[in-house]
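Quick note, the sequence shown lines up with residues 14 to 180 if you use this note's numbering.
Glycine residues also receive a C-beta, built at the ideal position from the N, C-alpha and C atoms.
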Amino acid sequence: WATALRRSRVSSLRWRLVLVSVLVAWISVAAVGVAAGRLTASRARAFLQHMPQASPQMRQMMRGMMGSPEQRFLWDLQRAIWFAAVIGLGVATVAGTVTARRITAPLSALASGARRIGRGDLSQDVPETGGDEIAEMGRAFNAMAAELRRADEARRELLAEIAHELG
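Below, the structure written as structure tokens:
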């Protein structure tokens, strides 16, 4: 049960990292959508009001035949923003998952190694890939394991000498 709890902590870190990536993508797309919607609405209105070639009757006739060009433009813009949001969500999910796995895999190996050393298996080393803080933890863990192995070997030699002297 305790092992499952520890694994769920690592998994929850992984999923929190993925969730943060996805939320950042959605917030970014939403901010762009709101800004683009507001800016383009005013620009489209200004363009339609100051269209040099069309007379007021021509503009009225175009609106009657096609609907409001402004509204069609804004609808197309909103669709494009939603399309970008879906693509952004997909990219953020993939990138977040890959990043989260790269961060949590060494942590899982470190936790597994610590459990093995705790059970007495002093031969356990963990990968030290990369140059970041997680790799530094791996190097520190391996140095600790090597020191424990040296101390265990010294203890065994001392016990062997004592047994030889007593025997």
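* Asked: DSSP on Leu135, reduced to helix/strand/coil?
  -> Along the sequence shown, read from residue 1 onward, the residue named residue 135 stands at position 122. Assignment of Leu135 by DSSP, reduced to helix, strand and coil, places it in the coil class.
* Under 8 Å between the Cβ atoms of Val42 and Thr106? -> Looking up residue 42 in the sequence shown gives position 29. Looking up residue 106 in the sequence shown gives position 93. No. Outside cutoff.
* Between the C-alpha atoms of Ala118 and Ala153, what's the straight-line distance to the nearest angstrom? -> Locating residue 118 in the sequence shown gives position 105, counting from the first residue. Locating residue 153 in the sequence shown gives position 140, counting from the first residue. Roughly 17 Å separates the two Cα atoms.
* On a CA-only basis, which of Ala93, Ser34, Met157, Phe86 is nearest Gly46? Give me that one, please. => Locating residue 46 in the sequence shown gives position 33, counting from the first residue. Of Ala93, Ser34, Met157, Phe86, the residue nearest in Cα terms is Ala93.
* Residue interval of the alpha helix (DSSP H) (run including Gly180) -> By 1-based counting over the sequence shown, the position of residue 180 is 167. In the DSSP assignment, Gly180 falls outside any alpha helix (DSSP H) and carries neither an H nor an E.
* To do: Given a cut-off of 8 Å, decide if Leu102 and Trp28 are closer than it, judged by their beta-carbon atoms.
  => Numbered from its first residue, the sequence shown carries residue 28 at position 15. Numbered from its first residue, the sequence shown carries residue 102 at position 89. No, they are not a contact pair.
* Going by CA-CA distance only, name the one from Thr110, Arg114, Gln137 that's closest to Asn155. => For the purposes of this step, residue 155 is taken as residue 142 along the sequence shown, with counting starting at 1. Closest by alpha carbon: Gln137.
* Does the Cβ of Val139 have 16 or more other Cβ atoms within 10 Å, making it buried, or fewer, making it exposed? -> On the sequence shown, position 126 is the one that residue 139 refers to. Counting other Cβ atoms within 10 Å of its Cβ, Val139 reaches 16 or more and is therefore classed as buried.
* Considering only residues of the same chain and omitting the five flanking positions on each side of Ile116, which have a CB-CB separation below 8 Å? -> For the purposes of this step, residue 116 is taken as the residue at position 103 of the sequence shown. For Ile116, same chain residues with a beta-carbon under 8 Å away, outside a window of 5 residues either side, are Leu26, Arg27, Leu30, Ile147 in chain order.
* Asked: In chain order, what residues of the same chain have a beta carbon less than 7 Å from the beta carbon of Ala108, not counting five sequence neighbours either side?
  -> In the sequence shown, the residue the question calls residue 108 occupies position 95. Non-local beta-carbon contacts of Ala108 in its own chain, meaning distances under 7 Å to residues more than five positions away in sequence, involve Ser34 in chain order.
* To do: Less than 8 Å between the CB atoms is what I'm expecting for Met157 and Leu123, so what's the real figure, rounded?
  => As a working mapping, residue 157 is identified with position 144 in the sequence shown. As a working mapping, residue 123 is identified with position 110 in the sequence shown. Wrong, their Cβ atoms sit about 11 Å apart, outside the cutoff.
* Asked: Closest by CA to Arg162, which one among Gly133, Glu178, Gly180?
  -> Residue numbering aside, residue 162 sits at position 149 when the sequence shown is read from its first letter. Nearest in C-alpha terms to Arg162, of all of Gly133, Glu178, Gly180, is Gly133.
* Taking all protein chains shown into account, decide if Trp14 is buried (16 or more other Cβ within 10 angstroms of its Cβ) or exposed. => Counting from 1 along the sequence shown, the entry for residue 14 is found at position 1. For Trp14, the pLDDT reaches just 46, beneath the cut-off of 50, and the residue's location in the model is therefore unreliable, leaving the point undetermined.
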